[in-house]
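S.K.:
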Amino acid sequence: MNQIVDAVNKVSPTTEKVTNDSVTFSPRRWKSGWPFHLRHVPPFRDDATASITRAEVFSFAADAVASGYDRDRVIDFIGAAFAYGAGQSQAVLPLQQFLRNKAKAASLLKTIPTLESKEPAAQYEALTKIGLPAKFASYIAYFLAGPQAAGEDKPLVICSNRAKIAGLEKDYDWSAADYGTYLAAVREARDSVDPELPLDAVEWAMRESVR
C-alpha cells in the first residue's frame, strides 16, 4: 500500500488529468488490419498517427450503452478501447488476431452487454474467460463502466507495473481473485491518502509514477 500512496503523493492526480490522458496510436494500422467478418469498421481515420484520450473512449462506451448495445456501436467502442490500451506497442497484432478469431470476437460481443450487472472482479473474469488478455480485459471493463467519482467501486486498468506497485506477486495473467486483491489494495491506499479521489485517479498515478 505504501507504494501506491507514494505514487499518489508524487503525481497528485485529478479527475481532469485522468480523463485528458492521451495515447498515440496508428488509425491506419487498425483500419487496415480490422477483420472483415465483423462487417463494421470503427471510425478510424486514414492517418499514420493520431491520439485518443480516456474521455473519448468513455464517450464511445457511453454510446454503446445508450444504444442498447447496438452491435456496430459496441464494435466502435472495442476499437477505441483497444487503440487506447495498445497505443503503438506490439500488442496491436495480438489484439487484431484475437478479433480475427470469429468465435472469440463473437464471445466478446456477447459478453460486453452482460458486464454491467456484475461486480468488477466478475466482469474481469468474464472477459478473461473468453481469451482476452488480462490487461485488455481490464481496459474493456474499465471504460465500459464509465467515468468514476469518489466512493464508486468500478473496474480499474491493471498491468505489470500497476500490479507490482499494488504488491501482487504475479506480473501477468492475473486471476479474478488477483484482480480483486488489486482493487482492494488501490481502494485501501486511496482511503488512507484522500477518500475524495476516484479510484482511477489512483490507478493513473500508479502508472505515471513509473514513467
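Here the sequence shown is numbered in my numbering, starting from -15 and rising by one per residue. Virtual Cβ for every residue (Gly too), placed ideally from N, Cα, C.
To test your reading of the DSSP string, which unbroken alpha helix (DSSP H) runs of 4 or more residues are found completely within the segment 124 to 150?
M.R.: 144 to 149
S.K.: P11 and R29 look like a contact to me (Cβ under 8 Å); what is the Cβ gap, rounded to whole Å?
M.R.: Translated into positions along the sequence shown, residue 11 becomes position 27. Translated into positions along the sequence shown, residue 29 becomes position 45. About 5 Å; that satisfies the 8 Å criterion.
S.K.: In three-state terms, what does DSSP make of A32?
M.R.: As a working note, residue 32 is residue 48 in the sequence shown. Correct three-state label for A32: coil.
S.K.: Give the straight-line distance between the Cα atoms of V186 and A118, rounded to the nearest whole angstrom.
M.R.: Here residue 186 corresponds to residue number 202 of the sequence shown, with the count starting at 1. Here residue 118 corresponds to residue number 134 of the sequence shown, with the count starting at 1. Their backbone Cα atoms lie some 19 Å apart in a straight line.
S.K.: How many Å lie between I96 and I62 at the Cα?
M.R.: The residue given as residue 96 occupies position 112 in the sequence shown. The residue given as residue 62 occupies position 78 in the sequence shown. Straight-line Cα distance between these residues: approximately 10 Å.
S.K.: Just to check my reading of the structure: L140 and L183 have Cβ atoms closer than 8 Å, yes? What is that Cβ distance to the nearest angstrom?
M.R.: The count along the sequence shown starts at 1 and reaches residue 140 at position 156. The count along the sequence shown starts at 1 and reaches residue 183 at position 199. Indeed, because the Cβ distance is near 6 Å, the residues count as touching under 8 Å.
S.K.: May I have the straight-line CA-CA distance separating G17 from A106, to the nearest angstrom?
M.R.: Residue 17 sits at position 33 when you count from the first residue of the sequence shown. Residue 106 sits at position 122 when you count from the first residue of the sequence shown. Going by the C-alpha atoms only, they are around 30 Å apart.
S.K.: Less than 9 Å between the C-beta atoms of A161 and V(-8), yes or no?
M.R.: As a working mapping, residue 161 is identified with position 177 in the sequence shown. As a working mapping, residue -8 is identified with position 8 in the sequence shown. For A161 and V(-8), no; Cβs fall outside 9 Å.
S.K.: Excluding the 5 residues preceding and the 5 following F44 in the sequence, name in chain order all residues of the same chain whose CB lies nearer than 6 Å to its CB.
M.R.: Here residue 44 corresponds to residue number 60 of the sequence shown, with the count starting at 1. Within the same chain, F44 has close Cβ partners D60, F61, A64.
S.K.: What would DSSP say about T(-2), mapped onto helix, strand or coil?
M.R.: Position 14 of the sequence shown, counting from 1, holds the residue named residue -2. Under the three-state reduction of DSSP output, T(-2) falls in the coil class, being neither helix nor strand.
S.K.: In chain order, what residues of the same chain have a beta carbon less than 6 Å from the beta carbon of S51, not counting five sequence neighbours either side?
M.R.: As a working mapping, residue 51 is identified with position 67 in the sequence shown. Cβ within range, chain order: R57.
S.K.: Cβ-heavy atom distance between Q72 and the ligand GDP below 8 Å?
M.R.: In the structure shown, the ligand GDP is absent, as is every other ligand, since no ligand is present at all.
S.K.: Measure the C-alpha to C-alpha separation of P(-3) and P78 and round it to an integer number of angstroms.
M.R.: Stepping through the sequence shown from its first residue, residue -3 is reached at position 13. Stepping through the sequence shown from its first residue, residue 78 is reached at position 94. The straight-line gap from Cα to Cα measures roughly 31 Å.
S.K.: Anyone know if the C-beta pair for V(-5) and S193 falls short of 9 Å?
M.R.: To locate residue -5, count along the sequence shown from 1; it is residue 11. To locate residue 193, count along the sequence shown from 1; it is residue 209. Yes, the pair counts as a contact, with Cβ atoms nearer than the cut-off.
S.K.: Among G115, Q72, E0, which has the Cα closest to the Cα of A90?
M.R.: Residue 90 sits at position 106 when you count from the first residue of the sequence shown. Among G115, Q72, E0, the Cα nearest to that of A90 belongs to G115.
S.K.: Where I142 and A110 are concerned, what is the direct C-alpha to C-alpha distance, given to the nearest angstrom?
M.R.: Sequence index remark: in the sequence shown, residue 142 carries index 158 (1-based). Sequence index remark: in the sequence shown, residue 110 carries index 126 (1-based). The straight-line gap from Cα to Cα measures roughly 15 Å.
S.K.: Taking L181 and A134 to be in contact with their CB atoms under 8 Å, please state how far apart those CB atoms are, rounded to whole angstroms.
M.R.: The residue labelled residue 181 in the question sits at position 197 within the sequence shown. The residue labelled residue 134 in the question sits at position 150 within the sequence shown. Yes, they are in contact, since the Cβ atoms of L181 and A134 sit about 6 Å apart, within 8 Å.
S.K.: Could you spell out where the alpha helix (DSSP H) holding T98 opens and where it closes?
M.R.: As a working note, residue 98 is residue 114 in the sequence shown. First-last for T98: undefined, no H or E at that position.
S.K.: So if DSSP puts S6 in a beta bridge, which residue, or which two residues, is it bridged to?
M.R.: For this step, residue 6 is matched to residue 22 along the sequence shown. The partner list for S6 (beta bridge, DSSP) reads T37.
S.K.: Do P27 and Q80 have their C-beta atoms within less than 9 Å of each other?
M.R.: Looking up residue 27 in the sequence shown gives position 43. Looking up residue 80 in the sequence shown gives position 96. No, the Cβ-Cβ distance between P27 and Q80 is not below 9 Å.
S.K.: Quick check: what's the CA-CA separation for L167 versus F82?
M.R.: Your numbering for residue 167 matches position 183 in the sequence shown. Your numbering for residue 82 matches position 98 in the sequence shown. If I take the Cα positions, the gap works out to 26 Å.
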